[in-house]
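Peer 1: I am attaching a structure below and will ask some questions about it afterwards.
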Amino acid sequence: MNPRRFLAFAALALATALPAAAQDLWLHVKVDEQGGENARVTVNLPISLVESMLPLIEGAKEIEDGRIVIDDTDVEIEDLRRVLASLTDSPDATFAEVETDDERIVFFKDGAYLRVETDASAEGTEIRARFPIAVLEALLSGPENQLDVAAALRALAAHGPGDLVTVRDHDATVRVWIDDLPEAGE
Amino acid sequence: MTRAARVVTALGLALLMAFVGTGVALAATVMASGVVTVDVRETGPGGRRVVVPVPAAILDLGLGVATLAIPAAELRQLRAEAAPFQPALAALARGIEECPDATLVEVVTDRESVRVVKRGSTLVVDVDAEDGQVRLALPARTLTRVARFLSA
């Protein structure tokens with residue numbers, strides 16, 4: 001096959017496959033409560049549907065076209081952009097580690113991810129969070145003091161399947177992840 | 001067969017075909033547009049059950065009639081108020097319509113449960129509580145039509 005034709009074919013295949021892949025991805029949230037009313041919450045939503053729901057979030061004046069406006073916050077979005085840019089350019093490393101008598105929090109870069117992990121605290125809470133850097137960049141890509149949630153969702157869809165957040169403590173477990181299955185698997 | 005009998009038979013057959021044809025056309029319309037169903041059951045002794053099935057085609061017709069029945073100024077105001085949400089509502093309706101079958105939301109506790117399920121072309125909301133059960137089945141296309149009504 002002519003190399004130019006092959007490249008054109010590959011580009012066309014990629015262009016058609018990417019949106020389809022994004023459309024096929026699902027955002028899952030699963031909360032299991034132990035104790036109380038033993039609530040079990042499961043949310044399975046196509047990412048494209050989540051994106052379309054963003055402007056519908058009722059009463060949130062700060063949300064406009066999927067962008068969240070942040071005012072009167074201690075942290076400026078511009079500062080976060082600078083921090084993220086420096087983290088993105090740096091090699092894998094642990095950036096912060098906070099250790100108290102009953103808790104240890106580690107904040108580190110691991111390839112294309114920023115990760116936050118805590119060891120079980122006195123209350124038994126253990127957190128594992130993994131944020132794709134591309135998604136954080138998209139989130140901070142809004143104009144001025146705005147977070148662009150819609151762009152973050154698109155970046156999340158482009159990033160593909162994987163766990164985002166897991167929280168375990170003595171009375172509940174929470175898991176947030178993305179995959180290509182409509183129903184939440186175990 | 002006399003000529004009169006032949007004419008009466010022909011008229012009878014024509015009427016029968018008209019009735020059957022109308023029935024088939026009506027059934028096809030109902031099948032194509034789906035049925036909105038509200039099913040309420042009270043639990044406990046003497047609990048009642050109310051089932052209200054409404055062909056979505058009638059709702060569509062209702063939206064069409066509403067366009068004519070609602071005074072133009074009020075319709076304009078309604079659409080103006082809905083305008084900020086209309087694109088999102090249309091996108092949401094389209095998303096639900098195109099979304100594959102799945103349990104979209106499920107909340108289960110020891111005492112009650114709520115499920116929102118996409119099944120075929122229908123969105124089903126099931127609420128199961130101690131004092132009763134409610135099931136709403138809504139053709140996904142109906143949401144799209146409501147969104148379209150608000151934008152027209």
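Keeping their order, the protein sequence lines are chains Y and Z. Heads up: the first sequence is residues 1 to 186, going by the working numbering. Heads up: the second sequence is residues 1 to 152, going by the working numbering. All residues carry an ideal CB built from backbone N, CA and C; glycine is no exception.
1. Checking 8 Å against the spacing of the C-beta atoms, do residue 157 of chain Y and residue 25 of chain Y come in under that value?
2. Could you say which of Y:106, Y:40, Y:118, Y:130 lies nearest to residue 171 of chain Y if we only look at CA atoms?
3. Are the beta-carbon atoms of residue 95 of chain Z and residue 161 of chain Y separated by less than 8 Å?
4. With DSSP collapsed to three states, give me the class of residue 21 of chain Y.
5. So, is residue 19 of chain Z buried or exposed, given that buried needs 16 or more other C-beta atoms within 10 angstroms?
6. Starting from the C-beta of residue 21 of chain Y, find all residues in its chain whose C-beta is less than 6 Å away, skip the five residues before and the five after it, and write them out in chain order.
7. Can you find at least 3 beta carbon pairs, one from the segment 133-151 of chain Z and one from the segment 81-90 of chain Z, that sit closer than 8 Å?
8. To which residues of the same chain is residue 110 of chain Y closer than 7 Å at the C-beta, ignoring the five residues directly before and after it?
9. Alpha carbon to alpha carbon, what distance is there between residue 127 of chain Z and residue 113 of chain Z?
10. Rounded to a whole number of angstroms, what is the C-alpha to C-alpha distance between residue 34 of chain Y and residue 102 of chain Z?
11. Quick check: the Cα distance between residue 148 of chain Y and residue 99 of chain Y, rounded to an integer number of angstroms?
12. Return the CA-CA distance between residue 55 of chain Z and residue 109 of chain Z, expressed in angstroms with no decimal places.
13. Exposed or buried, which one is residue 146 of chain Y when buried takes at least 16 other CB atoms within 10 Å?
14. With H, G and I counted as helix, E and B as strand and the rest as coil, what does DSSP make of residue 31 of chain Y?
15. Return the chain-ordered list of same chain residues with a C-beta closer than 7 Å to the C-beta of residue 1 of chain Z, the five sequence neighbours on each side being excluded.
16. Less than 8 Å between CB atoms is the rule here; does residue 95 of chain Z satisfy it with respect to chain Y?
17. Residues of the segment 100-115 of chain Z in Cβ contact with chain Y at a cutoff of 8 Å, in chain order, please.
Peer 2: Taking the coordinates as given:
1. Contact annotation: residue 157 of chain Y and residue 25 of chain Y have beta-carbon atoms nearer than 8 Å.
2. For residue 171 of chain Y, the closest C-alpha among the options Y:106, Y:40, Y:118, Y:130 is that of Y:40.
3. Remark: C-beta atoms of residue 95 of chain Z and residue 161 of chain Y do not approach each other more closely than 8 Å.
4. Reliability of the predicted coordinates at residue 21 of chain Y is poor, the pLDDT of 45 falling under 50, and no value is obtained from them.
5. The residue in question, residue 19 of chain Z, is exposed, as its Cβ has fewer than 16 Cβ neighbours within 10 Å.
6. Because the pLDDT at residue 21 of chain Y is just 45, under 50, the model does not fix this residue reliably, and the value given afterwards should be weighed accordingly. Correct list: empty, nothing qualifies.
7. Counting Cβ pairs under 8 Å, three or more are found: they touch.
8. 92, listed in sequence order.
9. Taking the straight line joining both Cα atoms gives about 6 Å.
10. Looking at the two C-alpha atoms, the distance is approximately 25 Å.
11. Rounded to the nearest whole angstrom, the C-alpha separation of residue 148 of chain Y and residue 99 of chain Y is 33 Å.
12. So the alpha carbons of these two residues sit roughly 33 Å apart.
13. Residue 146 of chain Y should be labelled buried.
14. Look at residue 31 of chain Y here: in three-state DSSP terms it is strand.
15. Closer than 7 Å at the Cβ level, and outside the excluded window around residue 1 of chain Z, lies no residue.
16. At a cut-off of 8 Å between C-beta atoms, residue 95 of chain Z counts as an interface residue with respect to chain Y.
17. Cβ contacts with chain Y come from 100, 101, 102, 103, 104, 105, 106, 107, 108, 109, 110, 111.
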